[in-house]
Amino acid sequence: MVQALLLRFQPPNLDVLPLYIVLLATFPPVLWLLRRSPTLALGASAALYGLTWQFDWKFATYPDGAWFFNPLAWQLIFTFGAWCALGGAARLARLIHSWPVLSLAVAYLVFSFAISLTWYSPALDRRVPVLVKIAPDLTDAQLDAVRQKGRAEVRAILTSEQLPKFEEFLKRMDEERKRNGPKPPPH
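127 is the number of the first residue of the sequence shown in our numbering; add one for each residue after it.
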């Protein structure tokens, strides 16, 4: 019980709730700074984000491990949203609505769509240069862990009538993955 109150115990499928608690508990001083010096607040938030990645800062969980949603990293999105709501979006309006930014956004969407198609088509996968595949630098073990977590979360919300159909779907997906073979690591 003590570990839950300290936000160190995080039951499956509820790990986002402690993130919200920490973000909302720390938001009053952030809001105070945003009202007085928005640029400083956003800069401090970006600096904390960078330091979190540089020094691998994480919150510990009980009995072992680290938070899946690290508040030290997610605070940047939260702060950026508040910064935009308090006038930051208006300051960026000309940039956001410019043709270069729109063109870059459309190009990114087309590129992302093309790369995601390679996950389902071995013929397309062979046509994508290896340098492009370096971006999602995940090992098979990491991908499998994400896959298993996602499957467990879906199973938790399905009814007893839906579960057999889902298991059949997973079985077909696993067979397809075995038939196509594992993707080589990007190098």
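Ideal placement from N, C-alpha and C gives every residue a C-beta, glycine not left out. Nothing here was measured: the structure is a model prediction, and the numbers come from that model.
Starting from Thr-178, trace the alpha helix (DSSP H) in both directions and tell me its first and last residue. As a position in the sequence shown, residue 178 is number 52, starting the count at 1. Where Thr-178 is concerned, the enclosing alpha helix (DSSP H) starts and stops at 164-181.
According to the neighbour-count rule (16 or more other Cβ atoms, all chains shown, within 10 Å of its Cβ), is Phe-239 buried or exposed? One-based indexing of the sequence shown puts residue 239 at position 113. With fewer than 16 other Cβ atoms inside 10 Å of its own Cβ, Phe-239 counts as exposed.
Check whether the stretch 138-153 and the stretch 189-200 touch, using three or more Cβ-Cβ pairs below 8 Å as the test. Judged by Cβ distances under 8 Å, the stretch 138-153 makes contact with the stretch 189-200, as three or more pairs qualify.
Taking the alpha carbon of Ala-199 as the reference point, which residue from Ala-215, Ala-211, Leu-174, Gly-214 has its own alpha carbon closest? In the sequence shown, the residue the question calls residue 199 occupies position 73. Closest by alpha carbon: Leu-174.
Under 8 Å, do Pro-248 and Leu-212 count as touching if we go by C-beta distance? One-based indexing of the sequence shown puts residue 248 at position 122. One-based indexing of the sequence shown puts residue 212 at position 86. Taking a C-beta distance under 8 Å as the contact criterion, Pro-248 and Leu-212 do not qualify as a contact pair.
Can you check whether the CB of Phe-206 is closer than 8 Å to the CB of Pro-197? Counting from 1 along the sequence shown, the entry for residue 197 is found at position 71. Counting from 1 along the sequence shown, the entry for residue 206 is found at position 80. Using a Cβ distance threshold of 8 Å, Pro-197 and Phe-206 do not count as a contacting pair.
Here's a check: name, in chain order, each residue in its chain whose Cβ is nearer than 8 Å to the Cβ of Gln-180, leaving out the five neighbours to either side. Sequence index remark: in the sequence shown, residue 180 carries index 54 (1-based). Excluding positions up to five away in sequence, the list is empty.
Determine the extent of the alpha helix (DSSP H) in which Trp-245 is found, giving its start and end residues. As a first step, residue 245 is located in the sequence shown; it is residue number 119 there, counting from the start. It is not in any alpha helix (DSSP H) - Trp-245 carries neither H nor E in the DSSP assignment.
Once you ignore the five residues that flank Asp-300 on each side, which residues in its own chain have a CB closer than 7 Å to its CB? Taking the sequence shown and counting its residues from 1, one reaches residue 300 at position 174. Once the five neighbours on either side are set aside, Asp-300 has no close Cβ partner at all.
Rounding to the nearest angstrom, what Cα-Cα distance links Tyr-188 and Pro-137 in this structure? Translated into the one-based positions of the sequence shown, residue 188 becomes position 62. Translated into the one-based positions of the sequence shown, residue 137 becomes position 11. C-alpha separation (whole angstroms): 10 Å.
Inter-residue spacing [alpha-carbon to alpha-carbon] between Pro-154 and Ser-229: As a working mapping, residue 154 is identified with position 28 in the sequence shown. As a working mapping, residue 229 is identified with position 103 in the sequence shown. Here the C-alpha atom of Pro-154 lies approximately 37 Å from the C-alpha atom of Ser-229.
Identify every residue that forms a DSSP beta bridge with Ala-186. As a first step, residue 186 must be located in the sequence shown, where it is residue number 60. Ala-186 pairs with Ala-192.
Would you kindly work out how many angstroms separate the C-alpha atoms of Gln-274 and Leu-235, rounded to a whole number? The count along the sequence shown starts at 1 and reaches residue 274 at position 148. The count along the sequence shown starts at 1 and reaches residue 235 at position 109. Distance between the alpha carbons of Gln-274 and Leu-235 is about 27 Å.
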